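Q: For the sequence shown, our numbering assigns the number 491 to the initial residue and increments by one for each residue that follows. Ideal Cβ placement from N, Cα and C applies to all residues, glycine included. As the structure is a computational prediction, the values presented were derived from the model and not from experiment. Pasting in a structure now, in structure tokens, and then I'll have a few things to ask.
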Amino acid sequence: MNYKVAVIKGDGIGPEIVTEAQKVLDKAGEKFGFSLDYKEVLMGGASIDVHGIPLTDEAIADCKASDAVLMGSIGGNTSTSPWYKLEPSKRPEAGLLALRKALNLFANLRPAYLYEELKGACPLKEEITEGGFDMMIMRELTGGLYFGERKTIEEDGVRKAYDSLTYDENEIRRIAKRGFDIAMKRNKKVTSVDKANVLDSSRLWRKVVEEVAKDYPEVSYEHMLVDNCAMQLVRDPKQFDVILTENMFGDILSDEASMVTGSIGMLSSASLNETKFGLYEPSHGSAPDIAGQNIANPIATILSAAMMLRFSFDLDEAADAIEAAVKKVLEDGYRTVDIMSDNMTKVGTKEMGDLICERL
């Protein structure tokens, strides 16, 4: 099989880490019998430098013509980069928001996985994390409080602001279906997180999730209030498989989960639409201060590439192999500088990519 992949290398360390991800993907393709045609697309600061804007119509068209998008990191140093002297709508990150909207990427997936080899970086007590944990946070990305009507007014000399949290049943149903679909590829458990004891939107969320669950008899599910979920993430993260939740709750919980792993340089992410199409990127930033020095950690981007194989192309075996290769490299004691510890062997960006390819 052959797949078309739009590649946005981005800014800062983006080009370095995406290059390593492509290297690993090509190696996996050789082993598992698929090939990828890459189309390089400019976005963010790289696009501003060439076109004067962070995202062009041509770039959007190239992404839409592809089967998936693999992206590095966008942006630069906000205090020194000339990009941040531009108005907000023309800054690098505006390109990413515009691309998400253009591609209708409503489902955000943020895995949080604790590697046994990196457990020392986890801020939780060892008895809590013994044996590690592996969860996926499924966040609705285009609705809710962040996209509702908002206004700031003055009444009788008093300033007043309001934001509207709105979901319709179709928005809830499509993210719920995607969450249950992801659970079918994992450990077949969904924890739907809401605030149904207070919010009408959450009560509708809960009803629609229960309707969707009937179509997935193999998947067990539970409801959990968001405040309890925040507590449970630090009390017993091993209990979770797929956490399904709305936009604002997902924003907060995914950041909490990423910190529980203790190593953001290892965390991948994906944003999906209603088809198999998705945009895959690392959770970390562009780190312009270390760009071009061959010291950036490419693992988050390589794991994002594995997510692309799994969720957009249904190449689960190849995705499993990449994830296993990453784990084997860590077991063998190799580390980039950001995850370096005593008695380990420090390697650079390119060397880490080569080591993962070797273990494929």
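1. At a cut of 8 Å, does the segment 514 to 531 reach the segment 821 to 834 through at least three beta carbon pairs?
2. Going by DSSP, name the residue or residues bridged to M626.
3. Give a yes or no on whether the C-beta atoms belonging to M852 and G634 are separated by under 7 Å.
4. Can you list, in chain order, the residues of its chain with a C-beta nearer than 6 Å to that of M852? Leave out the 5 residues immediately preceding and following it.
5. Counting along the chain, where does the beta strand (DSSP E) carrying A760 start and finish?
6. Please identify the residue among E506, K521 and T509 whose C-alpha is closest to the C-alpha of M491.
7. Looking at the structure shown, is N784 part of a helix, part of a strand, or coil, going by DSSP?
8. Is it buried or exposed for V699, if we count other Cβ within 10 angstroms and need 16 for buried?
9. State the Cα-Cα distance for the pair C847 and G500, rounded to the nearest angstrom.
10. State the Cα-Cα distance for the pair I742 and M628, rounded to the nearest angstrom.
11. If you check the beta carbons only, do G638 and D658 fall under 7 Å apart?
12. Using CA atoms only, rank isn't needed, just tell me which of E548, T751 and D552 is closest to I829.
13. Looking at V495 and S537, is the spacing between their C-beta atoms short of 7 Å?
14. Check whether the segment 520 to 535 and the segment 565 to 573 are in contact - that is, three or more C-beta pairs closer than 8 Å.
15. How would you label R800, buried or exposed, when you count the other beta carbons within 10 angstroms and need 16 or more for buried?
16. Could you tell me if V732 is buried or exposed, where buried requires 16 or more neighbouring beta carbons within 10 angstroms of its beta carbon?
17. What are the boundary residues of the alpha helix (DSSP H) that includes D690?
18. So, E807 versus A796, is the Cβ gap smaller than 7 Å?
19. Find out if the Cβ-Cβ distance for the pair G502, S776 is shorter than 7 Å.
20. Can you tell me whether DSSP reads L645 as helix, strand or coil?
21. Would you mind giving the Cβ-Cβ distance between I498 and V531, rounded to the nearest angstrom? I have them listed as a contact below 8 Å.
22. Could you check whether the segment 605 to 625 touches the segment 576 to 586, counting it as contact only if at least three pairs of C-beta atoms, one from each stretch, sit closer than 8 Å?
23. Identify whether D442 lies in helix, strand or coil by the three-state DSSP scheme.
24. I need the boundaries of the beta strand (DSSP E) containing A796, first residue and last residue.
25. Is Y636 helix, strand or coil when you go by DSSP?
26. So R625 and L769 are supposed to be a Cβ contact under 8 Å. How far apart are they, rounded?
A: In this structure, then:
1. no
2. P601 and V732
3. The displayed coordinates of the chain run from 491 to 850. Any statement about residue 852 would go beyond what the structure contains.
4. As displayed, the chain neither begins before 491 nor continues past 850, which places residue 852 out of reach and without an answer.
5. S758 to L762
6. K521
7. coil
8. buried
9. 23 Å
10. 12 Å
11. It is not a contact, given that the beta carbons lie outside the stated cut-off.
12. T751
13. no
14. yes
15. When all chains shown are included, R800 counts as buried.
16. buried
17. D690 to A703
18. No, the Cβ-Cβ distance between E807 and A796 is not below 7 Å.
19. The Cβ atoms of G502 and S776 lie closer than 7 Å to each other.
20. One detail in the question is off: residue 645 reads as Glu in this sequence, not Leu. In the structure shown, E645 sits in a strand (DSSP, three-state: E or B).
21. Contact annotation, I498 with V531: C-beta distance approximately 5 Å; criterion of less than 8 Å satisfied.
22. no
23. Residue 442 lies beyond the stretch modelled for the chain, which goes from 491 to 850, so this question has no answer here.
24. Premise fails: A796 lies in the alpha helix (DSSP H), I789 to F801, not in any beta strand (DSSP E).
25. Correct three-state label for Y636: helix.
26. According to the sequence shown, residue 625 is Met rather than Arg. Contact doesn't hold; Cβ gap of about 21 Å is too wide.
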